[in-house]
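Asker: For the sequence shown, position 117 matches number 1533 in this note's numbering, and the numbering has no gaps at all. Where is the CB? At the ideal position from N, CA and C, for every residue including glycine. In this text the structure is predicted, and so the values were computed from the model without any measurement. Before anything else, here's the structure in question.
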Amino acid sequence: MARFDGRFAAVTGAASGNGRAIAEKLLADGAKVAALDLNTDALTNVFGDNPNVLNVECNVADEHSSRAAMEAVSKEFPRLDVLVNNAGIVKFGTFEELSVSEWDQVFAVNSTGPFIVTQAASKLLRSEEVSHTRAVVNITSVEAHIVISSSGHPQIHYNASKGALLQLTRALSVELAPAGIRVNAVAPGYIRTPFTAEALEREEVRKFLLDRTPLGRIGEPEDVANGVAFLASDEASWVTGSTLFVDGGWTVY
Ligand SMILES: NC(=O)c1ccc[n+]([C@@H]2O[C@H](COP(=O)([O-])OP(=O)(O)OC[C@H]3O[C@@H](n4cnc5c(N)ncnc54)[C@H](O)[C@@H]3O)[C@@H](O)[C@H]2O)c1
């Protein structure tokens, strides 16, 4: 029996990169997955008519859209055992030139989005039908803990938004524990996805990254997905409020 047989999961930003790999890992391990994304064409391209996938349009930064998405999930799934808040954006710019609207945009997706989506999903997560704990996994970043400006551009709003998500994870883990819902984070280092594709084309960026990564390679979305699957599974049933670094050892230095 696979570890997510009979389990129901939702993954935001599931059409690309880490979110796609997370959804595919949960599917491979037996879950039925609601794949949520802004980009519904990409969802269709990726998951087609897989009977174990429910493609749902969702803008995590928008309360109405997120509530409508969870309403659609509740029509097909009896509950949620796993929610992965993965959708995120990055923007670059120096402190002096950063506009308030760009700051707000990054926070809306990376920090407020997981709050909105988790709140919209809370009824589905609060199940009394099952004895296993349910799990929320938030995708933060090593940049919630350290500042690397790895692509050569400052990104203080990204750093701050991921720091906020880290503390949301910790605070929510306490509030949801009595309901049997665990809340943890995976903090990826540099992962090869469309998010980082442009930077990774530059030799100096690859060298900078590899010189500081003890395990000596760039991360793959599957590395992130494996970490998420552990935290979402019963093997992590006494783990909450914590962060799993999936970074090849970057943050050790
Ligand atoms: N790639 C990395 O090196 C890296 C490192 C650390 C953390 N992360 C985090 O991993 C997560 C995924 O990043 P990725 O590299 O896979 O990016 P990606 O750009 O490949 O994929 C992001 C997905 O999120 C979707 N999305 C964007 N805004 C959305 C919104 N408002 N509502 C719903 N969906 C939305 C996009 O359509 C896309 O499908 C992000 O939270 C990112 O901060 C990535």
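(1) Check the DSSP bridge columns for Gly1509 and list the partner residues they point to.
(2) Residues in its own chain within less than 8 Å of Thr1609 by CB, not counting five upstream and five downstream?
(3) Let me know the secondary structure DSSP gives Leu1514 once reduced to three states.
(4) Is any heavy atom in ligand 1 found nearer than 8 Å to the beta carbon of Phe1611?
(5) Rounded to the nearest angstrom, what separates Ser1649 and Leu1452 at their Cα positions?
(6) Using DSSP with H/G/I as helix, E/B as strand and the rest coil, what is Ala1603?
(7) What are the start and end residues of each continuous alpha helix (DSSP H) run of 4 or more residues lying completely inside the segment 1527–1557, in chain order?
(8) Can you round the beta-carbon distance between Gly1529 and Ala1560 to whole angstroms, since I take them to be within the 8 Å contact cut?
(9) Under 8 Å by Cβ, that's how I've got Ala1430 and Ala1447 pegged, so tell me the actual separation to the nearest angstrom.
(10) Could you check the C-alpha separation between Phe1577 and Asn1526 for me, to the nearest Å?
(11) Would you tell me roughly how many angstroms separate the C-alpha atoms of Leu1443 and Ser1653, rounded to the nearest one?
Answerer: So, from the listed chains and residues:
(1) Beta-bridge pairing links Gly1509 to Gln1571.
(2) Excluding residues within five positions, the ones whose Cβ falls inside 8 Å are Ser1432, Gly1433, Asn1434 and Pro1637.
(3) Residue state, collapsed to three classes: coil.
(4) In this structure, ligand 1 has a non-hydrogen atom nearer than 8 Å to the beta-carbon of Phe1611.
(5) In this structure, the CA atom of Ser1649 is about 20 Å from the CA atom of Leu1452.
(6) Ala1603: strand per DSSP, three-state reduction.
(7) Runs of the alpha helix (DSSP H) inside the segment 1527–1557: 1529–1541.
(8) Cβ atoms of Gly1529 and Ala1560 stay farther apart than 8 Å, at about 15 Å.
(9) The pair is not a contact, with the Cβ atoms about 12 Å apart (cut-off 8 Å).
(10) Here residue 1577 is Ser; the residue named in the question, Phe, does not match the sequence. Cα to Cα, Ser1577 sits roughly 6 Å from Asn1526.
(11) Answer to the nearest angstrom: the Cα atoms are 20 Å apart.
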